[in-house]
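Those letters in the sequence shown? Residues 340 to 557, by this note's numbering.
Quick reminder that beta carbons are idealized off the backbone N, C-alpha and C, glycines included.
Remember, predicted model here, so these are calculated numbers, not experimental data.
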Amino acid sequence: MKYFDISGPVRPGIWHYGAPYFPFKIDSLGTPDWMDFPVYAESISMPMQTGTYIETAGHVYPNQITTAQIPLERTILLPSFCLQMPSSGGSEITKAMILDALTRIGSPSLAGKGLVISTGWFKHWFDTDYLSDGPFFSADVMEFMVESKVSLLGSDMPCWDSPTHPTGHLLTYFKSDGLMLAPLYDTDRLSEGAGQLIAIPLPIENTSASPVRAVWVA
Numbered sequence: 340m341k342y343f344d345i346s347g348p349v350r351p352g353i354w355h356y357g358a359p360y361f362p363f364k365i366d367s368l369g370t371p372d373w374m375d376f377p378v379y380a381e382s383i384s385m386p387m388q389t390g391t392y393i394e395t396a397g398h399v400y401p402n403q404i405t406t407a408q409i410p411l412e413r414t415i416l417l418p419s420f421c422l423q424m425p426s427s428g429g430s431e432i433t434k435a436m437i438l439d440a441l442t443r444i445g446s447p448s449l450a451g452k453g454l455v456i457s458t459g460w461f462k463h464w465f466d467t468d469y470l471s472d473g474p475f476f477s478a479d480v481m482e483f484m485v486e487s488k489v490s491l492l493g494s495d496m497p498c499w500d501s502p503t504h505p506t507g508h509l510l511t512y513f514k515s516d517g518l519m520l521a522p523l524y525d526t527d528r529l530s531e532g533a534g535q536l537i538a539i540p541l542p543i544e545n546t547s548a549s550p551v552r553a554v555w556v557a
């Protein structure tokens, strides 16, 4: 087996989604008075949607499963598929394009599986256009994911709806039991086809999103 870390790097200066979200911050803590020798520790301040994160329907609907309640079998070695769909900034990824890509790997059933869609946009991770100019999904993609009963949908795109003509299609996706994993990083190293996905959230209660260390197992 080979392991690929597909989590985005987190450091001061990383993108954030704008108010009420806020920039990532890390501070050093001093040595406690009760310690007889110096120790080194840090504190961080950040929204849960920082770096690569997993998200539930609780992001848009009340009284949904929290990230701490996600069954482990949906985040540890989840049978998954990867599609390589290189896309330029501002381009739309449609259902027809995804169906065409799926034919390259034998048109597998997606029910209960994970699906990672790699566009290459992660290369803009620290660029000023990362949030505003990325590729995005058409509304029929979300409808297809619901129909296909995907367990988890992941991508290296930070924003899945059109920045200029949004459809609100995340509301459609989250009416299902699907999880979101985004934005991913270094996904162009993955081969198309089957693999397994690891994306374990922190056990922080009452949250709809959590940072994860995302790993693709080939």
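Close Cβ partners of residue i (< 8 Å) along its chain, the five nearest in sequence each way excluded
| i | result |
| --- | --- |
| Ile-409 | Ile-393, Thr-395, Leu-518 and Pro-540 |
| Tyr-512 | Met-481, Met-484, Val-485, Leu-492 and Met-519 |
| Met-436 | Met-424 |
Identity of the residue in the options nearest residue i by Cα
| i | options | result |
| --- | --- | --- |
| Lys-364 | Glu-431, Arg-350 and Ser-530 | Arg-350 |
| Gly-473 | Asp-479, Gly-453 and Ser-494 | Ser-494 |
| Leu-411 | Glu-381, Tyr-360 and Leu-536 | Leu-536 |
| Thr-414 | Leu-492, Pro-502, Phe-476 and Asp-466 | Leu-492 |
| Glu-465 | Gly-347, Met-340 and Asp-372 | The identity of residue 465 in the sequence shown is Phe, whereas the question assumes Glu. Nearest of Gly-347, Met-340 and Asp-372 to Phe-465, Cα basis: Gly-347. |
| Ile-353 | Leu-470, Pro-447, Gly-429 and Tyr-379 | Leu-470 |
| Leu-416 | Ser-515, Tyr-342 and Thr-546 | Tyr-342 |
Integer-rounded CB distance, given that residue j should sit under 8 Å from residue i
| i | j | result |
| --- | --- | --- |
| Ser-457 | Cys-498 | Between Cys-498 and Ser-457 the Cβ distance is about 16 Å, and since that is not below 8 Å, they are no contact. |
| Ser-530 | Ala-557 | 6 Å |
| Pro-425 | Gly-459 | 5 Å |
| Thr-391 | Tyr-524 | 7 Å |
| Leu-520 | Val-489 | Rounded, the Cβ-Cβ distance is 11 Å, inconsistent with contact. |
| Trp-555 | Gly-532 | So it is not a contact: roughly 11 Å between Cβ atoms. |
Own chain residues within Cβ distance below 7 Å of residue i, not counting five before or after
| i | result |
| --- | --- |
| Ser-506 | What sits at residue 506 in the sequence shown is Thr, not Ser. So the qualifying residues of the chain are Ala-478 and Asp-500. |
| Leu-510 | Val-399 |
Cutoff 6 Å; reference residue i; Cβ partners in own chain excluding five residues on either side
| i | result |
| --- | --- |
| Pro-362 | His-355 |
| Met-385 | Phe-363 |
| Phe-476 | Ile-432 and Trp-499 |
Closer than 6 Å: residue i CB and nearest the ligand FMN heavy atom
| i | result |
| --- | --- |
| Met-484 | Only the bare structure without any ligand can be found here, which leaves the ligand FMN out of the picture. |
Cβ neighbour criterion (16 or more within 10 Å) applied to residue i
| i | result |
| --- | --- |
| His-508 | buried |
| Ser-547 | buried |
| Phe-461 | buried |
| Ala-450 | exposed |
| Pro-371 | exposed |
7 Å Cβ cutoff, residue i in contact with chain B
| i | result |
| --- | --- |
| Ala-396 | In summary, chain B is missing from the structure at hand, where a single protein chain is found. |
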